[in-house]
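**Student:**
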Amino acid sequence: MFLSSSKSPRSDDPAARLRLSPSSPLASASSIPPSKGGSVVELIAFHAAVGGVSEPSRVVLSSGSRPLRLVAGFPRCVVYDCLCRGRREHGHPPVPRGRSSGTLPFSPPHKMPTPSHRHCPNHPKGGHGDCAGACGGDGIPVIDLGVLLNGNAEQRSQATRELGQACEDWGFFMVINHGVPEALQEEVMEACKELYSLPRDEKADYIAAGPKDPIRIGTGLFYSDVDDAICRRDYMKMIAHPEFHCPAKPAKLRDIAVEYSARTRQLLLELAKAISESLGLDRGRISEVLNLESCFQILVGNNYPPYAGSDGVMGISAHSDHGLLTLLFQNGVDGLQVMHNGQWVTAKPLPGSLFILTGDQLEIVSNGRYKAVLHRALVHGGQTRMSFVSLVGPCLDAVVEPVLELAQNDPQGMKFRGIRYRDYMEHQQSSKMNTKAALDIVRVQGDILTCESTPNSSTEADSSGYSPTS
Ligand SMILES: O=C(O)CCC(=O)C(=O)O
Ligand SMILES: [Fe+2]
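Per full-length UniProt numbering, the sequence shown starts with residue 1, numbered consecutively.
1. How should Trp170 be labelled, buried or exposed, when 16 other C-beta atoms within 10 angstroms of its C-beta is the threshold for buried?
2. So, do the region 368 to 387 and the region 315 to 330 have three or more beta carbon pairs nearer to each other than 8 Å?
3. Consult DSSP for Ser101 and reduce its assignment to one of helix, strand or coil.
4. Helix, strand or coil for Arg283, going by three-state DSSP, please let me know.
5. For the alpha helix (DSSP H) containing Arg200, list its first residue and its last residue.
6. For Ser294, collect the residues of the same chain with a Cβ closer than 7 Å to its Cβ; drop the 5 residues on either side in sequence, then sort them by chain order.
7. Quick check on the burial criterion: 16 or more other C-beta atoms within 10 angstroms. Buried or exposed for Leu404?
8. Would you mind reading off the limits of the alpha helix (DSSP H) that contains Cys192?
9. For Glu270, which residues of its own chain have a beta-carbon under 6 Å away from its beta-carbon, when the five flanking residues on both sides are left out?
10. Does Ala240 come out as helix, strand or coil in the three-state DSSP assignment?
11. With Gly164 as the anchor, note down where its alpha helix (DSSP H) starts and where it stops.
12. With distances taken from CA atoms, which of Thr358, Met386, Leu354 and Pro199 is nearest residue 486?
13. Between Arg156 and Ser261, what straight-line distance do the alpha-carbon atoms span, to the nearest angstrom?
14. Where do the ends of the beta strand (DSSP E) carrying Arg422 lie?
15. In chain order, which continuous runs of the alpha helix (DSSP H) of length 4 or greater are located wholly inside the UniProt domain "Fe2OG dioxygenase" (291 to 394)?
16. From His92 to Ser197, what does the alpha carbon distance come to, in whole angstroms?
17. Does DSSP put Ala72 in a helix, in a strand, or in coil?
18. Shorter than 7 Å, the distance from the beta carbon of His319 to the closest heavy atom of ligand 2, or not?
19. Helix, strand or coil for Asp410 per DSSP?
20. Quick one: Cα of Asp423 to Cα of Met238, how far?
21. For the region 382 to 402 against the region 331 to 344, do three or more pairs of beta-carbon atoms, one drawn from each stretch, fall closer than 8 Å, so that the two count as touching?
22. Excluding the five sequence neighbours on either side, which residues of its own chain have a C-beta within less than 7 Å of the C-beta of Lys436, listed in chain order?
23. Nearer than 7 Å: is that true of the beta carbon of Thr346 relative to any heavy atom of ligand 2?
24. Could you check if His375 belongs to the surroundings of ligand 2, using beta carbon to heavy atom distance under 7 Å?
25. What number of angstroms, rounded off, separates the C-alpha of Gln445 from the C-alpha of Tyr421?
26. Take the Cβ of Lys273 as the centre, count every other Cβ of all protein chains shown within 10 Å, and call the residue buried at 16 or more, exposed below.
27. Suppose the cutoff is 6 Å on Cβ atoms and the five residues either side in sequence are ignored; what does the same chain contact list for Gly301 look like?
28. DSSP puts Leu221 in a beta bridge; with which residues?
29. Are Ile283 and Ser276 close, meaning C-beta to C-beta below 8 Å?
30. Do you know offhand how far Glu168's Cα is from Arg254's?
31. Sort Arg161, Ile140 and Pro141 by Cα distance to Leu148 and report the nearest one.
32. Go ahead and pull the three-state DSSP assignment for Ile215.
33. Tell me whether Cys77 sits in a helix, a strand or coil according to DSSP, three-state version.
34. I'd like to check one pair, Ile356 with Leu336: are the Cβ atoms closer than 8 Å?
35. Checking 8 Å against the spacing of the C-beta atoms, do Gly323 and Val399 come in under that value?
36. Short check: CB of Arg369 to CB of Leu279, under 8 Å?
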């Protein structure tokens, strides 16, 4: 319902030589890449050859649509509060079975120092200037969730202000003391790798799946005129909420993904409450207007094979995410860039931190005060880069519009008209991926809707229905 592909290639687009690494999940060594200077038609043919092109096809529900349930019976690691089941390498016994895993600790045992105690590369002499101590490398804001939730009143209101500032100035920040165990992150990445390396016929249903299906494995491959680069990534996406979908193999993926999606969803919903407060609203206001109890959540594993001489090639082109908030971590290989003050900044995570990106729905609901962050991913010359995304958006049927109080207090009034999230997603994903252009369909300027029409059907060279996060 919310995704569709466009299939008219732009034959005039330049295309650089692409190479699929043998480690690429969809690579077939015998595939012949398009020749340098070839057309996008060639790219698509190549894409088809490696299995990335899929016609809209039957719904894949191979593992059913079991309602989300926390895994309560697992013995859990007492150090990391993770699913390692007390593996020997962690050097500790598991806690007894039956311990609830439904709560997010927010104050993990290895509590990180608050940002102000760390060396700030932006302010080497120790003073933090206007970052107020809450910044990591390159000035990227750092939010301490432990303080935000469990600090005293003064600490909490300071952390809330910093969160608001981060959303306003960057639309991007790192969160620390978030309570998502590092071992669980590793497990989710590992399970994703195993999924990619399954024999092709075991993931054929997902490769054949259409953009509207709940589980999909594909290859994004297209020329981006915005970035003047060929974009190339493999991805696995699965809808995790309100219905949980998961590939049947590898068998361990389901439990790990159930746990990971529940924890990251809870974390993102807590952030949504604090963001609501930072806008001067009741804590629950955003959750209420977007019906976040029935929020949409998607998990996406991105895989970017190395590309030597990465000139003119990147992983994913400049875009904003369609949802409310996106959480992302990577496999130790940098490549995510966010736009800040007109410059691309490469995001280097502080150890143990997670990246949070603001999405289009936050821009709409905040009446433009918090902007969805423009971001992209580069490929690495020598190493495979992987990232794992957990995106939360409104309930698919929620009509998203600026919170009334915010619009009333804004001299420019309502900056966006209302749109059903499901329709917004459909619009964004059926349009050519072009920075933040999708927002134009709801943007109001001087009482005039900037773009009255239904989805821009301009062509996306990637006929797999390539889309930013899903
Ligand atoms: O891989 C990354 O760092 C970015 C991925 C991304 O932007 C997305 O999946 O929407
Ligand atoms: Fe994204």
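The beta-carbon is built from N, C-alpha and C at its ideal position, and this holds for glycine as well.
**Tutor:** By the coordinates alone:
1. buried
2. yes
3. A caution first: Ser101 carries a pLDDT of 35, below 50, which makes its placement in the model too unreliable to give a value.
4. coil
5. Taken as a continuous stretch (DSSP letters only), Arg200 belongs to no alpha helix (DSSP H), as it is neither H nor E.
6. Pro242 and Cys395
7. exposed
8. Glu182 to Tyr196
9. none
10. strand
11. Ala153 to Asp169
12. Nothing in the structure corresponds to residue 486, since the chain is present only between 1 and 470.
13. 26 Å
14. Note, Arg422: premise wrong, no beta strand (DSSP E); alpha helix (DSSP H) at Tyr421 to Ser430.
15. 360 to 365
16. Model confidence at His92 stands at a pLDDT of 28, short of 50, so the residue's coordinates are unreliable; what they give is reported in the following sentence. His92 and Ser197: Cα-Cα distance of roughly 31 Å.
17. Confidence is the limiting factor: at Ala72 the pLDDT is only 27, short of 50, which leaves the residue's position unreliable and the question unanswerable from this model.
18. yes
19. coil
20. 19 Å
21. yes
22. Ser320, Ala372 and Leu374
23. no
24. yes
25. 21 Å
26. buried
27. Cys192, Met236 and Phe388
28. Arg232
29. Note that residue 283 is Arg in the sequence shown here, rather than Ile. Yes; because the gap between Cβ atoms is below 8 Å, this pair is in contact.
30. 36 Å
31. Arg161
32. strand
33. Note that Cys77 scores a pLDDT of 33, beneath 50, so its modelled location is shaky; the value from the coordinates is reported in the next line. In this structure, Cys77 counts as strand in the three-state DSSP scheme.
34. no
35. no
36. yes
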